[in-house]
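Student:
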Amino acid sequence: AFLFAYSGKLNRGKGLDMLVRAWSRVRAVHKDAHLVLIGAGGQQFLSCESTLRGEAEQRGLSASITFTGYVSRVADYLRACDAFVFPSENEALGLALIEAMSCGLPSLASATGGILDIIEDGKNGRLLPVGDEAAWASAMVELMESPEDRRDWAAAGIQTAQAKFSMRSAATAHEQLFESLAAG
13 AFLFAYSGKL NRGKGLDMLV RAWSRVRAVH KDAHLVLIGA GGQQFLSCES TLRGEAEQRG
73 LSASITFTGY VSRVADYLRA CDAFVFPSEN EALGLALIEA MSCGLPSLAS ATGGILDIIE
133 DGKNGRLLPV GDEAAWASAM VELMESPEDR RDWAAAGIQT AQAKFSMRSA ATAHEQLFES
193 LAAG
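The sequence shown begins at 13 in this note's numbering and counts up one residue at a time.
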């Protein structure tokens, strides 16, 4: 099976309701596709986990969507998957996206907020319109059918994660800042 992953809270505002609807379209084209939702909503006020589970069941998608619940070793799940989806409606940074890219997953993400500082459309992933079910379904199918894009985006994603978000890059940026402050 081709495995798509999402990791993070299963809360409203993360675009997961749209993702489940789009998943219905993906499964119509690729019966071997599987979606892994890594995380939980729990008892949080914004949780949509039970709604997502109900929607998956109502659409006949339960067998093709795994709800992992809370896990402590997210990277193990990510490394077992083929691609990452991050359909958030608004995101200040997108740490889950950076983690997925650092694990070598080609990524599809919403064109919003801090995600725009992470994904360069067509270079290290793909940016998609927030909430556009048809665009998301189409992009997932295209990614499944394009091993070249998956390979190229995965390599570029690892490079982006290391260059912009690693401990080494943060330390270098702080060192340069302190040097400029001391010189000024």
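Ideal Cβ positions, reconstructed from N, Cα and C, are used throughout, including at glycine.
Computed from a predicted structure; not experimentally measured.
Output the boundary residues of the beta strand (DSSP E) element that contains residue 190.
Tutor: As a first step, residue 190 is located in the sequence shown; it is residue number 178 there, counting from the start. Run containing residue 190: none in the beta strand (DSSP E); it sits in the alpha helix (DSSP H), 179-195.
Student: Any chance the segment 82-99 sits against the segment 117-132, with 3 or more Cβ pairs inside 8 Å?
Tutor: With a cut-off of 8 Å, the segment 117-132 and the segment 82-99 count as touching, because enough Cβ pairs lie within range.
Student: In this structure, does DSSP put residue 15 in helix, strand or coil?
Tutor: Here the question's residue 15 lines up with position 3 in the sequence shown. Here residue 15 sits in strand by DSSP.
Student: Hey, is the segment 37-49 in contact with the segment 145-159, meaning 3+ C-beta pairs nearer than 8 Å?
Tutor: Because the criterion of three Cβ pairs below 8 Å is met, the segment 37-49 and the segment 145-159 touch.
Student: Could you pull out every residue in the same chain whose Cβ sits closer than 6 Å to the Cβ of residue 46, ignoring the five residues on either side in sequence?
Tutor: Here the question's residue 46 lines up with position 34 in the sequence shown. Answer for residue 46: 13, 15, 76, listed in chain order.
Student: When the Cα atoms are used, what is the spatial distance from residue 197 to residue 52?
Tutor: Beyond the ends of the chain as shown, which are 13 and 196, falls residue 197; an answer cannot be given.
Student: Less than 7 Å separating the beta-carbons of residue 130 and residue 139?
Tutor: Locating residue 130 in the sequence shown gives position 118, where the first residue counts as 1. Locating residue 139 in the sequence shown gives position 127, where the first residue counts as 1. The answer is no: Cβ separation not under 7 Å.
Student: For residue 126, which of helix, strand or coil comes out of DSSP?
Tutor: Along the sequence shown, one-based indexing puts residue 126 at 114. Correct three-state label for residue 126: helix.
Student: Can you confirm whether residue 156, when its beta carbon is compared against all beta carbons of chain B, has any partner nearer than 7 Å?
Tutor: The structure shown contains no chain B; it is built from a single protein chain.
Student: From the DSSP secondary-structure annotation, give me the bridge partner or partners of residue 133.
Tutor: To locate residue 133, count along the sequence shown from 1; it is residue 121. DSSP lists 137 as partners of residue 133.
Student: Beta carbon of residue 143, beta carbon of residue 127: below 7 Å?
Tutor: For this step, residue 143 is matched to residue 131 along the sequence shown. For this step, residue 127 is matched to residue 115 along the sequence shown. In this structure, residue 127 does not lie closer than 7 Å to residue 143 by Cβ.
Student: How far does the beta strand (DSSP E) with residue 142 in it reach, from first residue to last?
Tutor: Here residue 142 refers to the residue found at position 130 of the sequence shown. That residue, residue 142, is in no beta strand (DSSP E); it is neither H nor E in DSSP.
Student: Helix, strand or coil for residue 81 per DSSP?
Tutor: Taking the sequence shown and counting its residues from 1, the one referred to as residue 81 is at position 69. Looking at residue 81 - three-state DSSP - the assignment turns out to be strand.
Student: Looking only at its chain, what residues have a beta carbon closer than 8 Å to the beta carbon of residue 162, apart from the 5 residues adjacent to it on each side?
Tutor: As a first step, residue 162 is located in the sequence shown; it is residue number 150 there, counting from the start. Result list for residue 162: 94, 95, 118, 155, in chain order.
Student: Does the Cβ-Cβ distance between residue 24 and residue 49 come in under 7 Å?
Tutor: Along the sequence shown, read from residue 1 onward, the residue named residue 24 stands at position 12. Along the sequence shown, read from residue 1 onward, the residue named residue 49 stands at position 37. No, these two residues do not count as a Cβ contact at 7 Å.
Student: Would you mind sorting residue 124 into buried or exposed? The rule is 16 or more other CB atoms within 10 Å of its CB.
Tutor: On the sequence shown, residue 124 is found 112 positions in, with the first residue counted as 1. With 16 or more Cβ atoms within 10 Å of its Cβ, residue 124 is classed as buried.
Student: Starting from residue 87, follow the alpha helix (DSSP H) in both directions and report where the run begins and ends.
Tutor: In the sequence shown, residue 87 corresponds to position 75, counting from 1. First-last of the alpha helix (DSSP H) with residue 87: 86-91.
Student: Between which two residues does the beta strand (DSSP E) containing residue 95 stretch?
Tutor: As a first step, residue 95 is located in the sequence shown; it is residue number 83 there, counting from the start. Unbroken beta strand (DSSP E) run through residue 95: 95-98.
Student: For residue 46, which beta-bridge partners are listed by DSSP?
Tutor: Translated into the one-based positions of the sequence shown, residue 46 becomes position 34. DSSP, once it has assigned bridges, lists 15 as partnering residue 46.
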